[in-house]
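These notes concern the structure reproduced below.
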Ligand SMILES: [Zn+2]
């Protein structure tokens, strides 16, 4: 496929180079209800570009964000690993930056309040900003004040006018999902107190490329971020990155720390030039690096299909575990439907009883695994592999084995 006049969302240069082309795919979070099975589904090009000027890896927006995020089915609170991760973050950050009852913690894309609840528990005032109505309602019910809005200059200006400014402004796994990244970062500058800090987490592009995490590409995920690209965007909007950490979450993420460029009270840590150096040595400022990913992608598809076809020829049964967005990219790209996978299961009651978009694989309660005793359990959220293998250890009672397909096909007996 070629680009249809799309431009870089940061620097506005025309997008001419393909990073990854996954063909046509449905929106990864558009789970289907039973009555929708006899209807057609919209498919959109899933083609990621790299900007030859600023090296931002990105997917042009095909759908308006209200449609994508209006009734988002993802509730953060369901993963234990993730809850432990954010709890230890809340302890660490309040200690390091002396966040207390006189501070204000604001989180953008606060979901169901899974993170803010820990600050609230410490007696720290909090405010969530969350565009998905159903998810925001769950947060409000749990006692986490939440504004139902998309974040950008307009929302930031409105909150600032009400006297709301952040000592700590958090955005986890949101920067990549923002269609207008300039408006979003400008908004953060407005909402941040003069000595406040921003922390954000996002999956690191370096890990996507090196560990072949092509299934983290889906329509709701607009940008695939390197430290170098993010630093350029923050610098442009008067925010300075003063620290960075690597995290194991989501297959390998970065946590960046930012402050106003005018705020000299926090020095830039050594980790910042070190990360720039590391990405530069990997060739992140060379177009060729990005253009090589496409072949890796096709090779992965061939290997996955070869493995799945082999199992079916032996008469094995395969069930899925999980119904994450990344699973939908993988299954649609590889063309894996109920001809390979009988069903999948998910702990979230919001997904049970529905069907995966495109592939229409049914989603059941995890108890279904015990009833059906599949020979292989394909773990779709591979980033939670250890947690899931622990929870589902009983499949070994009937000789069941776990399978993970990313970065390579791997069977765990
Ligand atoms: Zn650009």
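Residue numbers (our numbering): 315 to 727. Just so you know, even glycine gets a beta-carbon here, dropped at the ideal spot from N, CA and C.
Residue i classed as buried or exposed, judged by whether at least 16 other C-beta atoms fall within 10 angstroms
| i | result |
| --- | --- |
| residue 697 | buried |
| residue 726 | exposed |
| residue 708 | exposed |
| residue 646 | buried |
| residue 440 | buried |
| residue 501 | buried |
| residue 702 | buried |
| residue 438 | buried |
| residue 572 | buried |
| residue 443 | buried |
| residue 481 | buried |
| residue 741 | Any property of residue 741 remains undetermined from this structure, which presents the chain solely from 315 to 727. |
| residue 629 | exposed |
| residue 315 | Caution is warranted here: a pLDDT of 49 is assigned to residue 315, below 50, making its placement in the model unreliable, and the coordinate value is therefore given only provisionally. Burial call: exposed. |
| residue 276 | Residue 276 lies beyond the stretch modelled for the chain, which goes from 315 to 727, so this question has no answer here. |
| residue 319 | exposed |
| residue 475 | exposed |
| residue 667 | exposed |
| residue 575 | exposed |
| residue 337 | exposed |
| residue 372 | buried |
From the options, residue whose alpha carbon lies closest to that of residue i
| i | options | result |
| --- | --- | --- |
| residue 487 | 570, 676 and 706 | 570 |
| residue 398 | 409, 365 and 432 | 432 |
| residue 499 | 447, 468 and 680 | 468 |
| residue 328 | 364, 578, 703 and 545 | 364 |
| residue 448 | 597, 504, 460 and 517 | 460 |
| residue 619 | 654, 585, 609 and 631 | 654 |
| residue 693 | 678, 375, 717 and 674 | 717 |
| residue 680 | 641, 669, 472 and 633 | 633 |
| residue 536 | 352, 721, 374 and 700 | 374 |
| residue 670 | 410, 682 and 657 | 657 |
| residue 549 | 452, 687, 527 and 503 | 503 |
| residue 683 | 661, 408 and 324 | 661 |
| residue 333 | 631, 454, 603 and 712 | 603 |
| residue 585 | 456, 545, 473 and 321 | 545 |
| residue 493 | 713, 720 and 323 | 323 |
| residue 648 | 623, 513 and 353 | 623 |
| residue 706 | 471, 724, 721 and 687 | 687 |
| residue 335 | 528, 406 and 350 | 528 |
| residue 340 | 352, 356 and 712 | 356 |
| residue 712 | 700, 689 and 722 | 689 |
| residue 558 | 720, 515 and 446 | 515 |
| residue 414 | 489, 405 and 421 | 405 |
| residue 621 | 463, 421 and 724 | 724 |
| residue 466 | 452, 456 and 505 | 505 |
| residue 610 | 538, 722 and 547 | 722 |
Where the alpha helix (DSSP H) containing residue i begins and where it ends
| i | result |
| --- | --- |
| residue 508 | Element bounds for residue 508: not the alpha helix (DSSP H) but the beta strand (DSSP E), 506-517. |
| residue 640 | 639-648 |
| residue 428 | Where residue 428 is concerned, there is no enclosing alpha helix (DSSP H), given that its DSSP letter is neither H nor E. |
| residue 407 | 394-410 |
| residue 467 | 467-475 |
Element boundaries [beta strand (DSSP E), containing residue i]
| i | result |
| --- | --- |
| residue 331 | 331-339 |
| residue 723 | Careful: residue 723 lies outside any beta strand (DSSP E) and carries neither H nor E. |
| residue 443 | 440-443 |
| residue 449 | Where residue 449 is concerned, there is no enclosing beta strand (DSSP E), although the alpha helix (DSSP H) it sits in stretches over 447-455. |
| residue 366 | Counting along the chain, residue 366 falls outside any beta strand (DSSP E), and DSSP gives it neither H nor E. |
| residue 716 | 715-718 |
| residue 486 | 480-486 |
| residue 419 | 419-422 |
| residue 634 | 632-635 |
Any non-hydrogen atom of ligand 3 within 7 angstroms of residue i CB
| i | result |
| --- | --- |
| residue 327 | Ligands displayed in this structure: ligand 1; ligand 3 is not among them. |
- Message: Please give the ranges of any alpha helix (DSSP H) in the region 526-613, keeping only runs that are unbroken, at least 4 residues long and fully inside the region.
- Response: With a minimum length of 4 residues, the continuous alpha helix (DSSP H) runs that stay inside the region 526-613 are 541-550, 585-595 and 601-605.
- Cβ contact check for the region 336-347 and the region 319-328: 3 or more pairs under 8 angstroms: no
- Task: Would you check if there are 3 or more beta carbon pairs closer than 8 angstroms linking the region 501-511 to the region 564-583?
- Result: yes
- Stretch-stretch touch, CB-based, cutoff 8 angstroms, three pairs: the region 623-642 with the region 354-364: no
- Message: Within 8 angstroms, do at least three Cβ pairs link the region 587-604 to the region 412-427?
- Response: no
- the region 509-528 / the region 561-570 touching (three or more Cβ pairs under 8 angstroms): In short, these stretches touch, since the Cβ pair count reaches three.
- Whole alpha helix (DSSP H) runs in the region 666-702 with 4 or more residues, listed along the chain? 681-686
- Do the region 615-630 and the region 658-677 make contact, defined as three or more Cβ pairs closer than 8 angstroms? no
- Message: Any contact between the region 526-535 and the region 553-560? By contact I mean 3 or more CB pairs, one from each, below 8 angstroms.
- Response: no
- Query: With a cut-off of 8 angstroms, do at least 3 Cβ pairs link the region 367-375 to the region 398-411?
  - Reply: The way I'd put it, the region 367-375 doesn't touch the region 398-411; fewer than three beta-carbon pairs between them come closer than 8 angstroms.
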